[in-house]
Amino acid sequence: MSDSTTNAKIVSDEVDVALIGAGVMSATLGAMLRTLEPNWSQVVFERLDAPAEESSSPWNNAGTGHSALCELNYTPEVNGRIEISKAIDVNEKFQISRQFWAYQVKQGVLSDPREFINPVPHVSFGQGEDQVEYLRKRFNALSNHPLFPGMEFTEDRARFDEMLPLMGEGRAATDKVAISWIDSGTDINYGALTKQFLADAQTEGTEIRYGQEVVKIRRDGKKWKLTVKNRHTGDVSVFRANFVFVGAGGMALPLLQKAGIPEIRGFGGFPVSGQWLRCTNPEIVERHSAKVYGKASVGAPPMSVPHLDTRIIDGEKGLLFGPYAGWTPKFLKQGSWFDLLKSVKVTNVASLLSVGVKELGLTKYLVTELLKDQNAKMESLREYMPNAKDEDWELVTAGQRVQVIRPVVGPSFGSLEFGTTLISHNDGSIAGLLGASPGASIAPAAMIEVLERCFGDHMVEWGDKIKEMMPSYGVKLATDKKLFTEMWDYTQDVLKLN
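Structure, rendered in structure tokens:
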């Protein structure tokens, strides 16, 4: 633990930092600020009765350490050439995550890294001539890059069957398949990570209020006034905060709208839910040890890229396939059926309507997914695992995501985005994060951006401590192979990934 316990301020109705949402984003920012400013008081508001129950829950996300090792949506083919800039950017940000987590382990903030991160190979899968050719091009584009060491590729069917027996058994001998892989991929339980951060936060004096929903955000001089309702008793309390971070997942959009900051004008959100097939047969689970990502269907959002996915949750190995996209108007899994309707404002209706017209492919995809019954979902699984039996799999509901609709200048009015978007007020007093994948994987890099935008006048004095937490901050590891190797070996050791 840090030595700030005795210095922590007791939270009353005045607080330095208010964090809305007890998920991985708020937990990460809170940990950073406790390191940088241990005397600042913090409070966390969570509408549910426990932390990490929405998008950070391990059963509500893929748990992939998104580093672009296997996710094909980060390496699109453009005019016959594989574009790798997005893959490099995501990988760089994930290295920041590894360094930050390792630092927090060394400081005793995070306890056992095996509770939240474990080594699982990352595999890209192609089937059919076109996909195999694409995968070969992708391998050639990435395999010599410093951030993708140890990448391998094979079209050999015997090798494929050996590495991925569940995917080989029952597959026609004439099927054209290929895989590329890196053994040093990871599976991450973001729920366990969040809980470790918040356990330390409470020890250091942070007050965490569960079952408390922020229902109103208003400017109060240089501060923000938060009206908070107890969801069990109906009691209302008021907090005033110097800085507010909205890490509330899908509810970040309506909360920022309530704050009335001009930067949120024109932004909208499109909710997409998901489902998994989860294997219930332990013998099947034990025979697969990889995160195998394939190509997305035409019109599918990146969060719906199909994958046969090894998970390690609470020390138990699991196996998922999916996700299958669904749709509800809720912005949270445990949200309201009126969330989408309430988010429609005069300022964003043009963005919403224009995206609705432009994204007919997405609409068609969602309708197709919604019409799939259990048999159709199993047939999708059998494209990856031909011998899959219905009795070995159950359907479970995954988390809810809200894709960002960004206002644009011109006749199109709005643009649908599939990444994460930081919204901050021009004076840096309030910020929030919209969007989904890669999300939790790059939370530390996203929170560094929050610090840069909202606490710019502190960055010089914080510089040495930030570099201590994340030594590659401000450096491109893609062009500094020596530092990348040093940081990789260090984080492998501290996070017990060797």
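Residues 154 to 651 in this note's numbering are what the sequence shown spells out, letter by letter.
Where a beta carbon is used, it is the ideal one built from N, C-alpha and C, also for glycine.
### Task
Check whether the Cβ atoms of glutamine 556 and tyrosine 477 sit closer than 8 Å, and answer yes or no.
Inclusion of glutamine 556 and tyrosine 477 in the CB contact set at 8 Å is not warranted, their separation being larger than that value.
### Query
Between the C-alpha atoms of glycine 321 and serine 194, what's the straight-line distance to the nearest angstrom?
Rounded to whole angstroms, the separation of the alpha carbons of serine 194 and glycine 321 is 55 Å.
### Message
Runs of 3 residues minimum, wholly inside the stretch 447-502: which ones carry the beta strand (DSSP E) assignment?
### Response
The beta strand (DSSP E) runs lying completely inside the stretch 447-502 and spanning 3 residues or more are 460-466, 469-479, given in chain order.
### serine 390 beta carbon less than 8 Å from that of valine 273
No; because the gap between Cβ atoms is not below 8 Å, this pair is not in contact.
#### Entry: Runs of alpha helix (DSSP H) wholly within the stretch 309-349 (minimum 4 residues, chain order)
Taking 4 residues as the shortest admissible run, the stretch 309-349 contains the following complete alpha helix (DSSP H) segments, listed from N- to C-terminal end: 310-316, 318-321.
### Query
From threonine 573 to threonine 307, what distance separates their C-alpha atoms?
About 33 Å.
### Query
Which whole-angstrom value describes the C-beta separation of leucine 630 and glutamine 248, a residue pair presumed to lie in contact below a C-beta threshold of 8 Å?
Between the beta-carbon of leucine 630 and that of glutamine 248 there is about 6 Å, and that keeps the pair under the 8 Å contact cut.
### Task
Determine contact between the stretch 322-334 and the stretch 186-201, defined as no fewer than three beta-carbon pairs at a distance below 8 Å.
Too few Cβ pairs lie closer than 8 Å, so no.
### Query
Thinking C-alpha only, which one of Ser582, Ser333, Ser210 is nearest glycine 609?
Taking only the C-alpha atoms, the option nearest glycine 609 is Ser582.
### Query
Does the Cβ of threonine 359 have 16 or more other Cβ atoms within 10 Å, making it buried, or fewer, making it exposed?
It counts as buried.
#### Entry: Pick from Tyr518, Ile576, Asn383, Val368 that is closest to lysine 411, judged by C-alpha positions
Relative to the Cα of lysine 411, the nearest Cα in the group Tyr518, Ile576, Asn383, Val368 belongs to Val368.
### Query
Quick check: the stretch 506-518 against the stretch 261-269, are there 3 or more CB pairs under 8 Å?
No, the stretch 506-518 is not in contact with the stretch 261-269.
### Query
How do the stretch 274-284 and the stretch 466-473 stand: do at least 3 beta-carbon pairs fall below 8 Å, yes or no?
Here the stretch 274-284 does not lie against the stretch 466-473, with fewer than 3 beta-carbon pairs under 8 Å apart.
### Message
Suppose you measure from the CA of glycine 183 to the CA of threonine 380; what does that come to, to the nearest Å?
### Response
The straight-line gap separating the alpha-carbon atoms of glycine 183 and threonine 380 is approximately 21 Å.
### Query
Can you tell me whether proline 435 is buried or exposed, with buried defined as 16 or more other CB within 10 angstroms of its CB?
It counts as exposed.
### Query
Mind checking threonine 347: buried by the 16 CB within 10 Å criterion, or exposed?
If you draw a 10 Å sphere on the C-beta of threonine 347, you find 16 or more other C-beta atoms in it, and that means buried.
### Message
Check for me: the beta strand (DSSP E) holding proline 560 runs from which residue to which?
### Response
If you look at proline 560, you'll find it in the beta strand (DSSP E) that goes 554-560.
#### Entry: When Arg554, Ile558, Pro459 are compared against lysine 672, the one with the closest alpha-carbon
Because the chain is modelled from 154 through 651, residue 672 falls outside the range shown and cannot be assessed.
### Helix, strand or coil at cysteine 432 [DSSP, three-state]
Reduced to three states, the DSSP call for cysteine 432 is strand.
### Message
So, with DSSP's three-state summary, where would you put glutamate 245?
### Response
Glutamate 245 carries a helical assignment under DSSP once its states are collapsed to helix, strand and coil.
### Message
According to DSSP, is threonine 632 part of a helix, a strand, or is it coil?
### Response
Here DSSP, grouped into helix, strand and coil, assigns threonine 632 to helix.
### Beta-ladder partner(s) of asparagine 383, from DSSP
As a beta-bridge residue in DSSP terms, asparagine 383 pairs with Gln365.
### Query
Leaving out five residues before and five after isoleucine 417 in sequence, what residues of the same chain have Cβ atoms less than 6 Å from its Cβ?
So the qualifying residues of the chain are Leu409, Gln410, Ile576.
### Query
Is it true that the CB of lysine 444 sits closer than 8 Å to the CB of threonine 217?
A contact, by the Cβ cut-off of 8 Å.
### Alpha carbon of tyrosine 626 to alpha carbon of histidine 385, nearest angstrom
Rounded to whole angstroms, tyrosine 626 to histidine 385 spans 43 Å at the Cα level.
### Task
Rank Asp633, Tyr643, Tyr363, Lys635 by C-alpha distance to the C-alpha of glutamate 199 and give the top, closest one.
Answer by Cα proximity: Tyr363.
#### Entry: Reference glycine 344, options Trp480, Phe313, Met623, Arg267, closest by Cα
It is Arg267.
### Task
Please list, in chain order, all residues of the same chain as proline 229 whose beta carbon is under 6 Å from its beta carbon, the five residues on each side excluded.
Answer for proline 229: Glu236, listed in chain order.
### Query
Apart from the five residues on each side of it in sequence, which residues of its chain come closer than 6 Å, Cβ to Cβ, to alanine 175?
Contacts found: Val197, Glu199, Pro204.
### Message
Taking the beta strand (DSSP E) that asparagine 271 belongs to, which residues open and close that run?
### Response
According to the DSSP assignment, asparagine 271 belongs to the beta strand (DSSP E) that extends over 270-272.
### CA nearest to the CA of tryptophan 212, picked from Leu523, Phe566, Leu430
The option with the nearest alpha carbon to tryptophan 212 is Leu430.
### Query
Taking the runs of the beta strand (DSSP E) that are 3 residues or longer, which of them lie wholly in the stretch 378-423?
DSSP runs (the beta strand (DSSP E)) wholly in the stretch 378-423: 389-399.
### Per-residue DSSP class, three states only, for arginine 440
Here arginine 440 sits in coil by DSSP.
### Reduced DSSP category for glutamate 639 - H, G, I as helix; E, B as strand; rest coil
Looking at glutamate 639 - three-state DSSP - the assignment turns out to be helix.
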